[in-house]
Each structure stands twice: as structure tokens, then as C-alpha cells.
Amino acid sequence: MLEYLNVNHLDYKRSKRTPRSRSWKASFKEYYLDLGRYIQHYATLKKAWNDLETYLGQRCPRMISSLKDGVQEEDLNAMEDQISCKLPDDYRCSFRIHNGQKLVVPGLMGSMALSNHYRSEDLLDIDTALGGFQQRMGLKHCLPLTFCIHTGLSQYMALESVEGRTQYEIFYQCPDQMARNPSAIDMFIAGTSFSDWFTTYVNNVVTGGYPIIRDQIFRYVHDKECVATTGDITVSVSTSFLPELSSVHPPHYFFTYRIRIEMSKNAFPEKACQLDSRYWRIMNAKGDVEEVQGPGVVGEFPKITPGKVYEYTSCTTFSTTSGYMEGYYTFHRLNNKDEVFNITIPRFHMVCPVFKVSTVRMETSQNEYGLNEDEDSTDTDEYEERRIVLDIPPSTGRCPRHI
1 MLEYLNVNHL DYKRSKRTPR SRSWKASFKE YYLDLGRYIQ HYATLKKAWN DLETYLGQRC
61 PRMISSLKDG VQEEDLNAME DQISCKLPDD YRCSFRIHNG QKLVVPGLMG SMALSNHYRS
121 EDLLDIDTAL GGFQQRMGLK HCLPLTFCIH TGLSQYMALE SVEGRTQYEI FYQCPDQMAR
181 NPSAIDMFIA GTSFSDWFTT YVNNVVTGGY PIIRDQIFRY VHDKECVATT GDITVSVSTS
241 FLPELSSVHP PHYFFTYRIR IEMSKNAFPE KACQLDSRYW RIMNAKGDVE EVQGPGVVGE
301 FPKITPGKVY EYTSCTTFST TSGYMEGYYT FHRLNNKDEV FNITIPRFHM VCPVFKVSTV
361 RMETSQNEYG LNEDEDSTDT DEYEERRIVL DIPPSTGRCP RHI
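Counting from 1, position 1 in the sequence shown corresponds to residue 1 in UniProt numbering; the numbering is continuous, with no gaps.
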């Protein structure tokens, strides 16, 4: 039984400070009565929290200091009484270990930054989550798990199987911008349960799947095969989907990508070069192709020397749920401007998460909706211009720095 609770004798003594006169058996019995209902979840979630704390303690110690101590059973019972909904045992178990975090930046549940947009999600404590519990149509019986103070973005957990949602699944809300009814809310699915959602995220963090950049967890996904080496220069790409800048209706899926350009430290000094231009070939899921050429990258013309790394962030949009980009950079040698050559950018795919369409849309006549299926993919450097043309609501957050 003890191994299922993932608590060894020393951990137990530290947590309970049991008197010497009391038997270990009696102490364990008390401990089991307190946490025994979580026997199916405790070991998994305690390990996830331990792994996360160990990893972040070495890389983001400030984030660890924002974590709150766990709550008691009576606190969770009182929460259930107030919302008149049952909390899943895995959620309750996790908050017995840690009651979320303080509303600070950076958030425990990951960040994302563009030149004019910044998101960082905090894991909400039960009191803050209670204040955001939804009863309105479109989000009925939904509890916020995260919150970004810059964008207002939250991930919600459905506490009941209503409005087309499955009980306990987790999602980003996505208002139907083509509906007249404000309760028409589509959903990008983030997890099928709290345990699935949290442990998957932790695994991505502690295995290095999500990079740590300036003491923050960035939710970029790197495909290890998405690497191309041309001569002494290697290019690799990581991508991320931004739900807060995307919509299902109209179909507009926003992705950001982070590119790393590195010259081998063993390269000869005369191999030093400077980037002149970029070429992109962009294809959506329909097979439509767009070609983009332009000077530099994000307004810069980086110089690459042996051992040097240059990284930048950019973005693109699709009107289909997936697409890919590939291309090349054109460089010239610093000691010979006439020596011009191309460096391959590997093909990288972008796929939006599974989503669910609002039941309001499915129950409403199609005559109440407009249709706009035009392709809208674009290279980042034209993003601001295209965003205005498409009348996409501007982001509510501003990035205080360039990553």
C-alpha cells in the first residue's frame, strides 16, 4: 500500500512529525485515511510534482518559490459545495500536494512571446479558480485551471458533460466569431483529464521537450528530425500553436516557430558569413502553395561565425488545420561578398490541436453564419499588415522584450 502512495518512511516523518511513542502502523493508518481516496492518482502526481520541482529548482528557482502549499480535504469539500459540482479525484489529489501558484510571471504552465504578444499561464489556486467558475451559457460548469494576466487566456476543465463537452476534459475556449450568439464557443482540447493534462506537460518540461529561455518555460515543440546541415551550418526548428490568436470559425490557425542557426565551432574562420535573404515555400492541407522571399529575417541580417548561434522567432497562419514550411537562407562570406550560397531550412509541419465545435453552431441554421474559407497563410514579416486586413482582433498582451 505504501508504494502506491509513493511515500517512504522518512518522507512520512517529515510531513507528519509523528510522536516517537506512536507506532508507525498507527501513523500510516491515519495517513491512509487522509489520502487513501487518491490511491489511483497519488503516486503518479506526486512523482510529477517531485520531478518538476527538481528540474525547475536547478533552472528556474524563482518559479518554485511561487508554488503554494497543498490544501486540506475540507477546503476541497467546501469548494464543491459552493459550485455544486464534484471535482475529479486527480484534481483534488494534485491540490493536496500544491495549491497552484501565486499570480506571478513567469507562469508555471508555460509562456510564449512574439514581438507584440506575450502569454504566460499561472496554475490557479482553488480560491482564484473558484472565483472564475463559469455558469454562463457556452462555458457552463467549467472551472479555470490556468490564467494569463497579460491576455486573459485560461484553460478550463469541464466538470459536467454539457454543451458538447466530455466531463473532466480540458480545453482552451475559442469564441465563434461568425456566430451572433455569444454562447457559441468552440474548444481546442488540451487534455482528456487533469492527470493526462498535467503529467504530459511535466514530461515535456523535465525531458527538455520545452526549452527554458530566460528563466521561463516556453511551449515550443521540437521534432528531432527537423534539422538540416549545409556545410558548417545547421538549422533546426521548433513550433507552437497559439490558441489565443486562432479561431475555428472563421478558420484561422496561428503558429509561431523558433529557428536556430548555428555554425560548427570547428569551422575555419574564413567560413564566417552573413545572412542576406530568406525564401519560403508554404503549403496548407489543401495543397495550396505560397512562396515568399524577402531580405533578412525579422528585420535583421545576422553574422554567423564558428561556434556562434543565432535564434529568432517568427509566425505564420493557415486557414486549414495543418500545413508546412520549408525553404532556404542566402548567405555571403564576410571575406568575399561575391561568394554567395544557400542554406537549407528543413521542412517543418504545424498541426492544430483537436477541437470541438460549439453545439450552438450545430443546432443553429447555417443561414445565420457567414462563410469565409479564404487562405490566409503568411510569413511573419507581413503579419501586422495581414492581421489588419483580416480584421483579426489584436492581442491584449504586449511582449516587454524580444526573445
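Beta carbons: idealized from backbone N, C-alpha and C, even for Gly.
Note that this is a predicted model, so its numbers are computed, not measured.
When the five nearest sequence neighbours on each side are left out, the beta carbons in the same chain lying within less than 6 Å of the beta carbon of K102 are those of S66, in order along the chain. For H117, the beta-bridge partners assigned by DSSP are L114.
Contact between the region 323-330 and the region 340-347 is present, with at least three C-beta pairs closer than 8 Å.
When the beta-carbon positions are compared, E53 and I39 stay at least 9 Å from each other. Between Y172 and A190, the C-beta gap is smaller than 9 Å, which places the two residues in contact.
Counting along the chain, the unbroken beta strand (DSSP E) around D276 starts and ends at 273-284. Inside the region 40-69, DSSP marks whole beta strand (DSSP E) runs of 3 or more residues at positions 67-69, from first to last along the chain. Inter-segment contact for the region 296-314 and the region 264-284 is present: three or more beta-carbon pairs are separated by less than 8 Å. Around the beta-carbon of M350, 16 or more other beta-carbon atoms lie within 10 Å, marking it buried.
With a contact defined as Cβ atoms closer than 8 Å, L143 and M157 qualify at about 5 Å.
For the beta strand (DSSP E) assignment, the uninterrupted runs of no fewer than 3 residues enclosed by the UniProt domain "ApaG" (227-357) are, from N- to C-terminal side, 233-241, 253-263, 273-284, 289-295, 309-318, 322-333, 336-351. When only Cα atoms are considered, S358 and Q177 end up about 11 Å apart. Put simply, the backbone Cα of V105 is about 22 Å away from that of T207. Judged by DSSP in its simplified three-state form, Y156 adopts strand. Around the beta carbon of L245, 16 or more other beta carbons sit within 10 angstroms, so the residue counts as buried. Residues of the same chain with a CB within less than 6 Å of the CB of K29, apart from the 5 flanking positions on each side, do not exist.
Closest in alpha carbon position to P211, among G110, L87, S322, L45, is G110. Separation of the CB atoms of F147 and D122 is rounded to 6 Å, and the pair is thereby assigned contact status at 8 Å. In the assembly as shown, D186 is a buried residue. Its beta-carbon has 16 or more other beta-carbons within 10 Å.
C148 sits in coil when the DSSP states are folded into three classes, being neither helix nor strand. Taking the Cα of L87 as reference, the smallest distance to any Cα among L242, Q58, A43, E160 is reached at E160. Contact check for A285 and T321: beta-carbon distance about 6 Å, within the 8 Å limit, so the pair qualifies.
Between C352 and F241 a beta carbon distance of about 5 Å is seen, short of the 8 Å cut, so the two are scored as contacting.
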